[in-house]
Amino acid sequence: MNRTESFTGETLQVVRGARSGVPIAVAIHSTARGPAIGGCRIKPYRSWRDGVDDALRLSEAMTMKCALAGLPYGGGKTVAALPAEGLDPVRRPEVIADIAEAIAALGGRYRTGPDIGSTSEDMAEIHRRAHGWAFCRPEAQGGSGTSSAATARGVVAALRAGVAPGSVAGLRVGVIGFGSVGRLVCQSLLERGAKVVVTDVDAGLRPAAERLGAIWTTEDLVREPLDVLVPAATGGVLTAESAAACGASLIVGPANNQLAAEEVATVLRDRGITWIPDVVASAGGIIHAVGREELGMDGKAANAKIDAIGETVDAVLSRARERGLTTVRAARELVALA
1 MNRTESFTGE TLQVVRGARS GVPIAVAIHS TARGPAIGGC RIKPYRSWRD
51 GVDDALRLSE AMTMKCALAG LPYGGGKTVA ALPAEGLDPV RRPEVIADIA
101 EAIAALGGRY RTGPDIGSTS EDMAEIHRRA HGWAFCRPEA QGGSGTSSAA
151 TARGVVAALR AGVAPGSVAG LRVGVIGFGS VGRLVCQSLL ERGAKVVVTD
201 VDAGLRPAAE RLGAIWTTED LVREPLDVLV PAATGGVLTA ESAAACGASL
251 IVGPANNQLA AEEVATVLRD RGITWIPDVV ASAGGIIHAV GREELGMDGK
301 AANAKIDAIG ETVDAVLSRA RERGLTTVRA ARELVALA
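No gaps in the numbering here: position 113 of the sequence shown is 113 in the UniProt record's numbering, and each next residue is one more.
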């Protein structure tokens with residue numbers, strides 16, 4: 001069964017962009033707490049239906065993320081499903097205009113922000129075309145700028161809550177993905193005395209990683225003996241097979257949808273591996289964006305709320321221990337109580 005057949009959210013809008021011809025899916029999972037928010041993903045897919053499935057899955061995760069972070073929003077997601085061979089860069093402005101039109105048609109029930117394949121500059125254009133319903137425009141244009149530093153700050157807060165007694169000094173940490181967030185997580189952990197090993201599909205990033213003091217590897221870090229594994233690239237890295245061979249004792253990172261299937265959480269629990277759900281660990285970026293742009297927070301207040309992700313981690317882990325649950329199940333129960 002595909003996700004469109006089992007969708008339990010509120011709205012799924014799929015259109016073919018009038019300018020670009022690119023299929024664009026906007027999924028609204030919930031507006032029970034307030035308008036739905038979620039990033040704008042622009043990437044190639046084997047089929048536009050795979051893009052729709054991605055939008056549905058990620059919109060549900062955003063509902064959980066907002067509830068666990070105590071934000072007055074629900075979950076949504078935009079996915080522009082580019083053809084497998086990609087798109088001529090000259091036509092990219094057409095895609096952005098089509099995305100803005102699709103968001104504008106929803107009348108404010110959904111607001112977006114940057115995600116894989118989209119930027120702060122794209123958000124400025126969507127903001128202009130879609131009645132202001134986009135976050136993370138450049139600061140010079142009145143937005144809150146990139147959310148990468150805030151996302152990384154939240155990951156580190158979650159990681160420190162997951163280790164006892166909270167210090168990462170001397171720990172061997174493996175980071176999968178040296179992108180804008182992974183790089184900042186590496187830097188923060190190195191500054192705190194961790195021994196960081198990093199890998200990325202882009203070997204050209206190796207010099208930058210090594211300049212920070214990280215060790216570059218081409219090994220599969222999921223299977224390496226580590227104190228902490230940080231998935232900071234794409235989702236689905238934790239399958240039943242890889243979880244059974246995982247060498248880390250704690251897994252926490254910003255990548256969305258790290259579990260290939262929810263039953264992988266059971267494999268991890270039964271092996272004594274603590275997995276901090278990505279909907280908790282990756283919330284720093286959205287806290288920063290809506291806190292600064294809609295909730296009237298200054299930088300200090302936004303950072304304090306991001307640091308409180310550690311308290312949410314404590315609540316999830318405590319509930320999981322007390323009730324014998326996986327951490328994802330414990331997080332779902334806390335969402336129901338929110």
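Note that beta-carbon positions come from the ideal geometry of N, C-alpha and C, so glycine has one too.
Task: Distance CB(Gly9)-CB(Leu56) smaller than 9 Å - done: yes
Task: the segment 236–247 contacting the segment 191–202, beta-carbon criterion three pairs below 8 Å - done: no
Task: Collapsed DSSP secondary structure at Arg153 in the structure displayed - done: helix
Task: Three-state class that DSSP yields for Arg172 in the structure shown - done: strand
Open item on the list: Quick check on Arg16: buried or exposed, where buried means 16 or more other Cβ atoms within 10 Å of its Cβ?
Closed with: Around the beta-carbon of Arg16, fewer than 16 other beta-carbon atoms lie within 10 Å, marking it exposed.
TODO: Using 10 angstroms around the beta-carbon of Thr78, count the other beta-carbons present and answer buried if the total reaches 16, otherwise exposed.
DONE: buried
- [ ] Spatial neighbours of Val279 within its chain, please: CB distance less than 7 Å, with the 5 preceding and 5 following residues excluded, ordered by chain position.
- [x] Once the five neighbours on either side are set aside, the close Cβ partners of Val279 are Ala61, Met64, Lys65, Leu68 and Ala331.
- [ ] Measure the CB-CB distance between Arg109 and Ala27 and report whether it falls below 9 Å.
- [x] no
TODO: Compare the Cα-Cα distances from Asp53 to each of Thr31, Gly76, Leu71 and Gly70 and report the closest residue.
DONE: The shortest Cα separation from Asp53 among Thr31, Gly76, Leu71 and Gly70 belongs to Gly76.
TODO: Compare the beta carbon distance of Thr239 and Ala255 with 9 Å and say whether it is the shorter of the two.
DONE: no
Open item on the list: With DSSP as the reference, identify every bridge partner of Ala81, one or two as the case may be.
Closed with: Lys43
TODO: Check whether the Cβ atoms of Ile126 and Ile99 sit closer than 9 Å, and answer yes or no.
DONE: yes
Open item on the list: Would Val198 and Ile215 be called neighbours here (beta carbons separated by less than 9 Å)?
Closed with: With contacts defined by Cβ atoms closer than 9 Å, Val198 and Ile215 form a contacting pair.
- [ ] Put Asp270 into one of helix, strand or coil per three-state DSSP.
- [x] helix
Open item on the list: Given a cut-off of 9 Å on the beta-carbon distance, is the pair Met123 and Ala105 in contact?
Closed with: no
Task: Bounding residues of the beta strand (DSSP E) (the contiguous stretch that carries Gln13) - done: Thr11 to Arg16 is the extent of the beta strand (DSSP E) around Gln13.
Open item on the list: Is the separation between the beta-carbon of Leu71 and that of Arg19 shorter than 9 Å?
Closed with: no
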